[in-house]
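Per the numbering used here: the sequence shown ends with 404, consecutive numbering throughout.
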Amino acid sequence: MTRHLVVGDVHGCLGELDALLALVADPERQVVFVGDLIAKGPDSRGVVRRAAELGALGVRGNHDEHALSWRAAARGGEAPKNRKKRKKVYLDAYESLAEEDFEYLEALPYHLALPEHGALVIHAGLIPGVPLEEQTPKNLISMRNIDLDRGEATKRIDRGVPWASLYEGPEHVFFGHDAVRGLQEHPFATGLDTGCVYGGELTAMLLPERELVSVPAERVWQAPGQER
177 MTRHLVVGDV HGCLGELDAL LALVADPERQ VVFVGDLIAK GPDSRGVVRR AAELGALGVR
237 GNHDEHALSW RAAARGGEAP KNRKKRKKVY LDAYESLAEE DFEYLEALPY HLALPEHGAL
297 VIHAGLIPGV PLEEQTPKNL ISMRNIDLDR GEATKRIDRG VPWASLYEGP EHVFFGHDAV
357 RGLQEHPFAT GLDTGCVYGG ELTAMLLPER ELVSVPAERV WQAPGQER
């Protein structure tokens with residue numbers, strides 16, 4: 177059985193990623209990222225390069241998607257309309273990446289099965305009861321809650337309840353994207369975003385052991401809610 181290390185949102189924190197890998201000290205273990213390798217932290221390019229060097233697997237996060245949208249615009253496509261996608265934090269990440277880095281991000285799927293562990297990796301969330309092939313990319317990279325009144329997905333944590341609290345399998349889902357809630361441990365889902373870029377920790381799950389490992393952030397790289 178392949179040993180995996182499923183890593184939470186890195187957000188350009190290369191020093192913390194290297195510290196986590198040193199702590200695990202198992203170079204034969206396959207690394208898997210839950211997305212958002214880039215943006216906000218100090219070294220987006222370094223993180224993508226490290227992921228490529230490791231031959232790491234992973235899924236696409238919303239920040240990775242935003243950088244790819246700017247690349248498409250640079251190739252003659254339409255620039256992102258969403259105000260948030262135009263923030264300097266995304267432009268900084270975009271401008272730091274080389275073509276080979278974009279190619280790595282572009283190859284990341286929206287979901288990744290780890291069948292030997294009965295596991296599924298996504299970035300953000302899914303709607304319980306809906307087949308995986310019918311889940312939308314938008315939900316997979318951006319949702320956090322289920323709005324029970326409207327019966328729909330939402331990225332707002334002040335509406336409804338965490339999608340993971342309603343999810344009943346069969347696969348165990350590992351995800352990120354929700355630093356406000358931090359580590360989430362539900363019967364069939366584990367949230368691994370523990371806010372490293374905000375001064376928290378970088379957290380990962382060892383599989384098949386189902387053991388959590390983490391390292392502290394080197395510093396607060398960005399204050400929550402203060403994207404430029």
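Ideal placement from N, C-alpha and C gives every residue a C-beta, glycine not left out.
Computed from a predicted model, the values in this text were never measured in an experiment.
Distance check for residue j and residue i, CA to CA, integer angstroms please.
i	j	result
residue 290	residue 236	16 Å
residue 368	residue 210	8 Å
residue 309	residue 288	12 Å
residue 302	residue 343	9 Å
residue 278	residue 318	20 Å
residue 316	residue 241	11 Å
residue 297	residue 230	18 Å
residue 329	residue 385	32 Å
residue 259	residue 362	Confidence in residue 259 is poor, its pLDDT being 48 and thus under 50, which makes the residue's placement too unreliable to answer from.
residue 377	residue 332	23 Å
residue 215	residue 372	12 Å
residue 220	residue 322	31 Å
Give the single residue among the options whose Cα lies nearest to the Cα of residue i.
i	options	result
residue 346	224, 307 and 313	307
residue 164	286, 195, 351 and 194	With the chain covering only 177 through 404, there is no way to say anything about residue 164.
residue 204	398, 383 and 392	383
residue 295	276, 348, 275 and 324	348
residue 188	217, 228 and 340	217
residue 202	322, 179, 387 and 293	179
residue 234	186, 200 and 198	186
Taking Cβ positions, are residue i and residue j nearer each other than 8 Å?
i	j	result
residue 270	residue 246	yes
residue 181	residue 380	yes
residue 405	residue 338	Nothing about residue 405 can be read from this structure; the chain reaches only from 177 to 404.
residue 184	residue 370	yes
residue 208	residue 243	no
residue 324	residue 305	no
residue 396	residue 196	no
residue 238	residue 340	no
residue 192	residue 387	no
residue 177	residue 276	no
What would DSSP say about residue i, mapped onto helix, strand or coil?
i	result
residue 259	Residue confidence is low: residue 259 scores 48 on pLDDT, short of 50, so the model does not pin down where it sits. Its coordinate-derived value is still stated next. Three-state result, residue 259: helix.
residue 191	helix
residue 234	strand
residue 271	helix
residue 367	strand
residue 243	helix
residue 317	helix
residue 200	helix
residue 299	coil
residue 277	helix
residue 282	helix
residue 306	coil
residue 229	helix
residue 291	helix
residue 388	strand
residue 396	coil
residue 340	helix
residue 208	strand
residue 186	coil
Rounded C-beta distance between residue i and residue j? I'm assuming under 8 Å.
i	j	result
residue 194	residue 352	Not really, about 19 Å apart at Cβ, beyond 8 Å.
residue 190	residue 226	6 Å
residue 392	residue 374	Actually they do not touch by this definition, with Cβ atoms about 12 Å apart.
residue 224	residue 273	7 Å
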